[in-house]
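Peer 1:
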Amino acid sequence: MSVRRLIASGSPFEAAYGYSRAVVQDGFVFVAGTTGYDYATMTMPDSAAEQAEACWRTIAAVLTDAGAALADIVRATYYVTDRAEAEAVLAVCGRVLAQIRPAATVVIVAGLLRPEMKVEIEVTARRP
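Quick note on this note's numbering: the sequence shown kicks off at 1 and runs consecutively.
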């Protein structure tokens, strides 16, 4: 039986909505959809690109807590609420993942949970 470890990021949404920021199991780290909030202050940048930067900061911290790193990401999905901002978000993702190049998908969506959310990123990593 494999050990299952739950990781929190400090987001109040995790406990309120019954999920973990990440689950570590069978050598994988499954990171939940992550938005651009700074969970210490519950503030959100205005631009989609800045939100993507904040997403990656949260994801990197969670992966570190899980014993992995950005370099271990094997799959990424980007949800963007405005097609006009997708290129800016993808530029951030391209910079962060330039040498990693996981299998990735971008999806343009009608909206996310809260109107200030413009981007959400989820990833799967394989621990070394």
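Cβ coordinates follow ideal geometry from the N, Cα and C atoms, glycine included.
The structure displayed is predicted, hence computed values, not measured ones.
Is L6 buried or exposed, if buried means 16 or more other CB atoms sit within 10 Å of its CB?
Peer 2: exposed
Peer 1: In or out: S51 buried (at least 16 other Cβ within 10 Å) or exposed?
Peer 2: At residue 51 the sequence reads Gln, which differs from the Ser that was named. Flag for Q51 reads buried.
Peer 1: V107: which of E87, L63 and D26 sits nearest, CA to CA?
Peer 2: E87
Peer 1: On the three-state DSSP scale, how would you describe I7?
Peer 2: Of the three classes helix, strand and coil, the one that applies to I7 here is strand, per DSSP.
Peer 1: Whose CA, out of A40, V29, R21 and V3, lies closest to the CA of R75?
Peer 2: V29
Peer 1: Check for me: the alpha helix (DSSP H) holding G94 runs from which residue to which?
Peer 2: R83 to V96
Peer 1: Please list, in chain order, all residues of the same chain as L97 whose beta carbon is under 8 Å from its beta carbon, the five residues on each side excluded.
Peer 2: L70, I73, A76 and A104
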